[in-house]
Amino acid sequence: MAEHRTVLGVCLGALLTEAGFDAVDNIAYETMLEVLTSFMISTGNTARNYCELAGRVQPVVGDLVMTYADLGIDLRGIERYARRQQRLVLPALGVGSAPRPITILQAGSKLPHPSHIPEHLPAFPDPHAYIRTPTHKQPVTEYEALREKAAAQKRDIERALTKFVAKTGDTQSLFTTDDVNIFPLVACKPHPQPFLDALMPKDQVFDEEDEDLELQPPPKRVKRGLDLSQNTDKDSDGEDSSPPSSPPECPDSQSEVGKDILQAEKISSEDPIDNPYLQAVKKPHKYI
Amino acid sequence: MKLESEEKCTDGNTSGAAAGPNELAESKTAGQPLAEFLMQLEDYTPTIPDAVTSHYLTMAGFEASDARMVRLVSLAAQKFISDIGNDALQHCKARSSALPNKSSKTSKDKKYTLTMEDLAPALNEYGITVKKPPYFV
């Protein structure tokens, strides 16, 4: 709509320049443009009315003549006007090309229309705009596979955990060979009063650390207990055909326990915490 | 078909004309020169393009089957506007010649600007009354 008006404005400018004007006020320009537009529309309207009045559908020259007579427009000098010398002929209007959609950021080829969509409708956008492909494999939902997976996971966890504890914690070995690491067994920590667990059942274990700390305070008792047990074991050794690993086993365990005790004593005597941020708060010296 | 329309239009002219007998005689035969003129419009290109004129005529309901009729309408419009412009120019010249200072440029002000002051009386002569409020920037 606005394009026609713009072109008409250009033509109006040409006509006014022909008439001799060098400039035109904006208001006057708009007024003249409205005059020109309404002239053409009223001509068309009136001509159509006359044409239909005569029972026709397509207008004829006579209709135009009647129209101009009706509107009071004098066309007597039109032939002379048409042949005027200083006619300005504007350059022919070219058809502008529609702006092509930007294809710079295109990713992937656009899918063609499905059969139920006519072709004159716009094309689909890039497929990534509406097609969603999951980035992960769909999880397995088969019962068998899931059971197998769960069992395998459990087994692997147990194995890995026991290996870790065996490699980092105390170990006992059932064999007398030099290499202790063939079949390391996680060392059993004998409880000083094993009957307590049976007498005082617990629902939940809150702090494992508290239990370990409780083991440390009575170290001397454990030592004596082990000495006694060692004696009894030695006594029983001669009689029983116990495996050869047990006598050396006790001193090993004893030495290990002894080591732990010594270490615990050392730790308790020295400052246990190296980290300065975890040390006990020292009150500053009071200055006067 | 064309002859019939010419007869009808001439009848219409005789009944509708309100001017003197000379003009009556001229308007009586206004159809013929125009019809002849139409034949000359084959290779004539008016300033207003055909597409624009036919767009406005289609908007009004005038289905232009003949390209020459479209050109006739655009030519008539051009002549109309040119006439108004000429009248406005004469007003402008009269106004500038009425001004006392003739020593400004040459005898006439070379640059003519179409303003509402000149356009309003020109349009009034054609039966179009325009009253615009003055705009102060």
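Listed in order, the protein sequences are those of chains A and B.
Be aware that the first sequence starts at 8, since it is given in my numbering, and climbs by one per residue.
Be aware that the second sequence starts at 2, since it is given in my numbering, and climbs by one per residue.
Glycine included, C-beta positions come from ideal geometry on N, C-alpha and C.
The structure presented is a predicted model; accordingly, all values stated were derived computationally and were not measured.
For V67 of chain A, which beta-bridge partners are listed by DSSP? Counting from 1 along the first sequence, the entry for residue 67 of chain A is found at position 60. As computed with DSSP, V67 of chain A is found in no beta bridge at all.
Can you tell me which residues form a DSSP beta bridge with T114 of chain B? Counting from 1 along the second sequence, the entry for residue 114 of chain B is found at position 113. Per DSSP, A:A30.
Where does T142 of chain A fall in DSSP's three states? Sequence index remark: in the first sequence, residue 142 of chain A carries index 135 (1-based). Correct three-state label for T142 of chain A: coil.
Distance cutoff 8 Å, beta carbons only. Does Q65 of chain A sit that close to anything in chain B? Indexing the first sequence from 1 puts residue 65 of chain A at position 58. Contacts with chain B at 8 Å (Cβ-Cβ) include Q65 of chain A.
Along chain B, in chain order, which residues have C-beta atoms closer than 8 Å to that of G79 of chain A? As a working note, residue 79 of chain A is residue 72 in the first sequence. Under a criterion of Cβ atoms nearer than 8 Å, the residues of chain B adjacent to G79 of chain A are, in order, G128.
Compare the C-alpha of G20 of chain A against each of B:G86, B:E43, B:R69 and B:P34 and name the closest. Here residue 20 of chain A corresponds to residue number 13 of the first sequence, with the count starting at 1. Nearest of B:G86, B:E43, B:R69 and B:P34 to G20 of chain A, Cα basis: B:G86.
Can you tell me whether P50 of chain B is buried or exposed, with buried defined as 16 or more other CB within 10 angstroms of its CB? On the second sequence, position 49 is the one that residue 50 of chain B refers to. By the neighbour-count rule (16 or more Cβ atoms within 10 Å), P50 of chain B is buried.
Once you ignore the five residues that flank Y75 of chain A on each side, which residues in its own chain have a CB closer than 7 Å to its CB? Counted from its first residue, the first sequence places residue 75 of chain A at position 68. Around Y75 of chain A, the same chain offers L82 as residues with beta carbons nearer than 7 Å, after the five sequence neighbours per side are excluded.
Who are the Cβ neighbours of A123 of chain B in its own chain at under 7 Å, not counting the five residues just before and after it? For the purposes of this step, residue 123 of chain B is taken as the residue at position 122 of the second sequence. Hits under 7 Å: I85, D88, A89 and H92.
Give me whichever residues DSSP pairs with V172 of chain A in a beta bridge. Walking along the first sequence from the start, residue 172 of chain A turns up at place 165. Beta-bridge annotation (DSSP): V172 of chain A is not paired with any residue.
If distances are taken between C-alpha atoms only, which option among A:V193, A:P119, A:A136 and A:H135 comes closest to P129 of chain A? Here residue 129 of chain A refers to the residue found at position 122 when the first sequence is read from its first residue. Ranking the options by Cα distance to P129 of chain A, first place goes to A:P119.
Beta carbon of I129 of chain B nearer than 8 Å to that of M39 of chain A: In the second sequence, the residue the question calls residue 129 of chain B occupies position 128. In the first sequence, the residue the question calls residue 39 of chain A occupies position 32. No; because the gap between Cβ atoms is not below 8 Å, this pair is not in contact.
Residue-level contact to chain A via CB, A123 of chain B, 8 Å cutoff: For the purposes of this step, residue 123 of chain B is taken as the residue at position 122 of the second sequence. No, A123 of chain B lies away from the interface with chain A (no Cβ there is under 8 Å from its Cβ).
Could you have a look at V193 of chain A and say whether DSSP puts it in helix, strand or coil? By one-based count along the first sequence, residue 193 of chain A stands at place 186. Strand, per DSSP.
Got a sec: which bits of the stretch 89-100 of chain B sit with their beta carbon under 7 Å from any beta carbon on chain A, in order along the chain? Taking 7 Å as the Cβ-Cβ cut-off against chain A, the residues of the stretch 89-100 of chain B that qualify are L90.
Thinking C-alpha only, which one of A:R55, A:V147 and A:A61 is nearest S66 of chain B? To locate residue 66 of chain B, count along the second sequence from 1; it is residue 65. The shortest Cα separation from S66 of chain B among A:R55, A:V147 and A:A61 belongs to A:R55.
Chain B within 8 Å of T142 of chain A, Cβ atoms only: By 1-based counting over the first sequence, the position of residue 142 of chain A is 135. Chain B has no Cβ within less than 8 Å of the Cβ of T142 of chain A.
At a Cβ threshold of 8 Å, is Y137 of chain A touching chain B? Residue 137 of chain A sits at position 130 when you count from the first residue of the first sequence. It does not: the Cβ of Y137 of chain A has no partner Cβ on chain B nearer than 8 Å.
For Y113 of chain B, which residues from the same chain have a beta carbon less than 7 Å from its beta carbon, with the 5 sequence-adjacent residues on both sides left out? If you number the second sequence from 1, residue 113 of chain B lands on position 112. For Y113 of chain B, where only same-chain residues beyond five positions count, the Cβ hits under 7 Å are L90 and C93.
So with CB distances below 8 Å, who are the chain A contacts of M40 of chain B? The residue given as residue 40 of chain B occupies position 39 in the second sequence. Around M40 of chain B, no beta-carbon contact reaches into chain A at under 8 Å, the shortest distance being about 10 Å.
Strictly below 7 Å CB to CB, what residues from chain B border D32 of chain A? Position 25 of the first sequence holds residue 32 of chain A. Within chain B, T114, L115, T116 and M117 have C-beta atoms less than 7 Å from the C-beta of D32 of chain A, given in sequence order.
Strictly below 8 Å CB to CB, what residues from chain A border K133 of chain B? Stepping through the second sequence from its first residue, residue 133 of chain B is reached at position 132. Correct list: I34 and T38.
Using a Cβ-Cβ distance under 8 Å, would A54 of chain A count as near chain B? The residue you call residue 54 of chain A lines up with position 47 of the first sequence. So yes, A54 of chain A belongs to the interface.
Just to confirm, are M117 of chain B and I34 of chain A a CB contact at a threshold of 8 Å? By 1-based counting over the second sequence, the position of residue 117 of chain B is 116. By 1-based counting over the first sequence, the position of residue 34 of chain A is 27. Judged by their CB atoms, M117 of chain B and I34 of chain A are nearer to each other than the 8 Å cut-off.
Going by DSSP in three states, T54 of chain B sits in which element: helix, strand or coil? Numbered from 1 along the second sequence, position 53 holds the residue referred to as residue 54 of chain B. Reduced to three states, the DSSP call for T54 of chain B is helix.
Do H11 of chain A and V53 of chain B have their CB atoms nearer than 8 Å? Against the first sequence, residue 11 of chain A aligns to sequence position 4. Against the second sequence, residue 53 of chain B aligns to sequence position 52. For the 8 Å CB-CB criterion, H11 of chain A and V53 of chain B form a contact.
For M70 of chain B, the first and last residue of its enclosing alpha helix (DSSP H): Taking the second sequence and counting its residues from 1, the one referred to as residue 70 of chain B is at position 69. Per DSSP, M70 of chain B is one residue of the alpha helix (DSSP H) stretching across A68 to A99.
So if DSSP puts Q211 of chain A in a beta bridge, which residue, or which two residues, is it bridged to? Numbered from its first residue, the first sequence carries residue 211 of chain A at position 204. Bridge partners of Q211 of chain A: none, in fact.
Taking beta-carbon pairs under 9 Å, can you tell me which members of the stretch 55-67 of chain B lie near chain A? When CB distances to chain A are screened at a threshold of 9 Å, the residues of the stretch 55-67 of chain B falling below it are H56, Y57, L58, T59, M60, A61, G62, F63, E64, A65, S66 and D67, in chain order.
Taking beta-carbon pairs under 8 Å, can you tell me which members of the stretch 18-30 of chain A lie near chain B? Residues C18, L19, A21, L22, L23, E25, A26, G27, F28, D29 and A30.
Using beta carbons (cut-off 8 Å, strictly below), is F131 of chain A in contact with chain B? Your numbering for residue 131 of chain A matches position 124 in the first sequence. Taking Cβ atoms only, chain B never reaches closer than 8 Å to F131 of chain A, which makes this a no.
Any chain B beta carbon closer than 8 Å to G16 of chain A: On the first sequence, position 9 is the one that residue 16 of chain A refers to. No, G16 of chain A does not count as interfacial toward chain B.
CA nearest to the CA of L39 of chain B, picked from A:C195, A:K156, A:A89 and A:L60: Here the question's residue 39 of chain B lines up with position 38 in the second sequence. Nearest in C-alpha terms to L39 of chain B, of all of A:C195, A:K156, A:A89 and A:L60, is A:A89.
Let me check one thing: in DSSP terms, what residues is T178 of chain A bridge-paired to? Locating residue 178 of chain A in the first sequence gives position 171, counting from the first residue. Paired residue(s): A:V193.
Give the straight-line distance between the Cα atoms of K174 of chain A and D163 of chain A, rounded to the nearest whole angstrom. Position 167 of the first sequence, counting from 1, holds the residue named residue 174 of chain A. Position 156 of the first sequence, counting from 1, holds the residue named residue 163 of chain A. Taking the straight line joining both Cα atoms gives about 16 Å.
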